[in-house]
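Written below as structure tokens is the structure these notes are about.
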Amino acid sequence: MHHQSVTSRSVVDCALIGATCLALVIPGAVFAHQTGVSFEKEIGAYFVDIGYDPPQPQGGERIVFDFNLKSKVDKTPEDFDYVWVRLEKDKSTLLATGIARADFGPTSLLYQVPNDLHGDLTVNVRYQKGDQALAETEFTIPVASRARSFVELVSLASTILIGAALAILIMYIFVTHRKQEV
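Here the sequence shown stands for residues 9 to 190, numbered as in our numbering.
This is how it looks when you write it as structure tokens:
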């Protein structure tokens, strides 16, 4: 009976440790897209609204783009089939792709900026309805060189130390459990 109690307790302890680890890691992922900026431009009968986040990306980071096409008159969403996107640095294409309009939620693109990229990233966008181009534009986003801040280094060191401490604690629990079984 005592053996059963120790096993159940070890499982609960491990579950609590796992939940604590997730609670420490998840907020960074959940709140990564808190802010952003928009490139807005009137083109013909349309109002182009392209949001991106982070506002000041660095090499090595991800940029999330949201593509919206609205009526110039009343800013209501306009129908389009897909968006053609080309990302360039110094006239060299980094990415060229078509993105189908999302049935639900934003029509988005997630782009991983190369670690060594810095300077102006040119974003070319064309909204399509079948073979017809509805609106086309381009804009630039300044990308900063990748530099680790003191806060990032402390955060990384803390994560490593917490992970090591949890690994030691889990090993201790299992070793103690095994000794009690013998």
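Backbone N, C-alpha and C fix where the C-beta goes; we use that ideal spot for every residue, glycine too.
Every value quoted in this text rests on a predicted model; they were computed, and no experiment measured them.
Cα-Cα separation, residue i to residue j
i, j, result
"L142", "Y135", "5 Å"
"E96", "V162", "34 Å"
"K99", "T148", "12 Å"
"V133", "L164", "36 Å"
"D8", "K137", "This structure cannot settle anything about residue 8, because the visible part of the chain is limited to 9 through 190."
"L129", "R154", "15 Å"
"A173", "F182", "14 Å"
"P62", "R70", "8 Å"
"P85", "V56", "10 Å"
Helix, strand or coil at residue i according to DSSP, with G and I counted as helix
i, result
"K2", "Given that the chain is displayed from residue 9 to residue 190, the structure contains no residue 2 and the question cannot be resolved."
"I181", "helix"
"R154", "coil"
"E189", "helix"
"V121", "coil"
"A104", "strand"
"G59", "strand"
"A141", "strand"
"G171", "helix"
Cβ separation of residue i and residue j, assumed to be a contact under 8 Å, to the nearest whole Å
i, j, result
"G171", "D124", "Contact doesn't hold; Cβ gap of about 28 Å is too wide."
"G127", "V151", "6 Å"
"I58", "F73", "6 Å"
"V93", "T101", "With a Cβ gap of about 11 Å, V93 and T101 do not count as contacting."
"I107", "Y90", "6 Å"
"K83", "Y54", "K83 to Y54, Cβ: 10 Å. No contact."
Boundaries of the beta strand (DSSP E) in which residue i is found, first to last residue
i, result
"K83", "Taken as a continuous stretch (DSSP letters only), K83 belongs to no beta strand (DSSP E), as it is neither H nor E."
"F47", "45-51"
Any non-hydrogen atom of the ligand GTP within 7 Å of residue i CB
i, result
"K80", "Among the ligands in the structure shown, none appear at all, so the ligand GTP cannot be discussed."
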